[in-house]
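For reference, the structure is listed below as structure tokens.
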Amino acid sequence: MRHDRDEILTEMGLGPIWRLRERPTAVDERVAEVPAAAESATARAIHADSAPPTRARSASSAESVANAVADSGREALISRMDWRALKEAVSGCRACGLHAGRNRTVFGVGDERAQWMLVGEAPGAEEDRLGEPFVGQAGKLLDGMLAAIGLKRGENVYIANVLKCRPPGNRNPEPGEVARCAPHLARQVELVGPKLILGLGRFAARTLLDSDASIASLRGKVHRYAGVPLVITYHPAYLLRNLPDKAKTWEDLLLARRALGESGAS
Ligand code: URA
């Protein structure tokens with residue numbers, strides 16, 4: 005059954021008052037066609053959550069419910085994309101404000117069936133210009149880190165970021181931006197099917213583990229993301245400013261290599 009946003013709001017006794025703040029994207033336009041099951045579950049949840057809806061319900065709660073409906077549909081859609089559809093969805097994405105300032109989206113790079121998957125934070129200026137992750141100074145260090153354990157960008161390694169668009173002035177990603185972009189990363193992980201994920205820095209750790217814990221406390225253990233062994237280490241940009249911590253990252257790389265070996269991969 006097809007429910008569009010206005011229909012859901014009308015059923016709640018609220019529509020059609022609230023409008024999306026952003027123009028719908030190609031993906032958003034297709035959301036309504038997708039997860040019939042997910043949508044009806046969401047609609048059931050909406051109806052189950054309270055007394056009969058009235059117009060007295062506050063605007064902000066109506067808007068957040070409507071946004072949650074749109075988000076769950078969008079996530080379900082992304083979770084079924086193949087590589088081509090996912091790349092198209094990312095390159096045309098307008099789901100958060102970062103689209104307005106980008107030159108290029110930065111999807112990810114490397115072997116799409118790699119055993120190693122590296123997850124960074126967000127593109128910087130060079131990445132935004134070239135459309136490839138980790139091509140600036142931090143990227144050079146990352147390539148050196150990979151070489152230290154006998155790996156090379158593109159060969160059995162896939163590299164992606166939490167955000168696919170550059171935050172202005174390289175500011176930290178905002179929670180809303182991470183939330184809207186995380187389904188893209190989740191689908192990349194599913195499609196690559198890595199044997200080991202290396203999370204680089206605070207935002208990767210936060211996104212993959214849904215935890216605000218410090219890098220220091222998350223290092224040295226093998227976590228799991230969607231069942232895949234996950235090792236957290238410092239972000240290369242941090243290491244450029246804190247050279248002594250390179251030794252800790254070396255330990256983390258060795259831990260990651262052991263974890264991958266233990267997973268039965270070669
Ligand atoms: N930092 C990141 O996290 N990702 C990049 O692609 C570049 C710098």
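Numbering (our numbering) for the sequence shown: 5 to 270. Cβ coordinates follow ideal geometry from the N, Cα and C atoms, glycine included.
task: Report the rounded CA-to-CA distance for I82 versus L90, giving the unit in angstroms.
output: 7 Å
- prompt: How many whole angstroms separate the CB atoms of R191 and M85, which I take to be in contact at a CB cut-off of 8 Å?
  reply: Contact between R191 and M85 holds, with the beta-carbon distance rounding to 6 Å and staying under 8 Å.
message: How far does the alpha helix (DSSP H) with R245 in it extend, from its first residue to its last?
response: P240 to R245
message: I'd like to check one pair, Q119 with L204: are the Cβ atoms closer than 8 Å?
response: no
- prompt: Can you check whether the CB of N165 is closer than 8 Å to the CB of G124?
  reply: yes
message: Classify K144: buried if its beta carbon has 16 or more other beta carbons within 10 angstroms, exposed otherwise.
response: exposed
query: If we ignore side chains and look at the alpha-carbon of each, how far apart do T253 and A70 end up?
result: 43 Å
field: Contact under 8 Å by Cβ, P137 with I153
entry: no
task: State yes or no: is the C-beta of F111 within less than 8 Å of the C-beta of V139?
output: no
Bridge-paired residues (DSSP) for L195: For L195, which the question treats as bridged, DSSP gives no partner whatsoever.
query: Mapping DSSP to helix, strand and coil, what is V182?
result: helix
- prompt: Which residues mark the beginning and the end of the beta strand (DSSP E) in which M121 is found?
  reply: Its beta strand (DSSP E) spans residues W120 to G124.
- request: Classify D256 as helix, strand or coil using the three-state DSSP reduction.
  value: helix
task: Rounded to whole angstroms, what's the CA-CA distance from A230 to T109? Just pull it up for me.
output: 25 Å
- prompt: Can V235 and A209 be called in contact, C-beta distance under 8 Å?
  reply: no
query: Is A241 near the ligand URA, going by C-beta to nearest heavy atom under 7 Å?
result: Yes, the ligand URA has a heavy atom inside 7 Å of this Cβ.
message: I'd like to know whether the C-beta atoms of G114 and G158 end up nearer to each other than 8 Å.
response: yes
Residues near E266 by beta carbon distance below 6 Å, same chain, minus five either side: none
query: Quick one: what does DSSP say P248 is sitting in, helix, strand or coil?
result: helix
field: Boundaries of the alpha helix (DSSP H) in which A164 is found, first to last residue
entry: Judged by DSSP secondary structure, A164 falls outside any alpha helix (DSSP H) and instead within the beta strand (DSSP E) spanning V161 to N165.
- prompt: So G158 is in the beta strand (DSSP E); what residue range does that whole segment cover?
  reply: That residue, G158, is in no beta strand (DSSP E); it is neither H nor E in DSSP.
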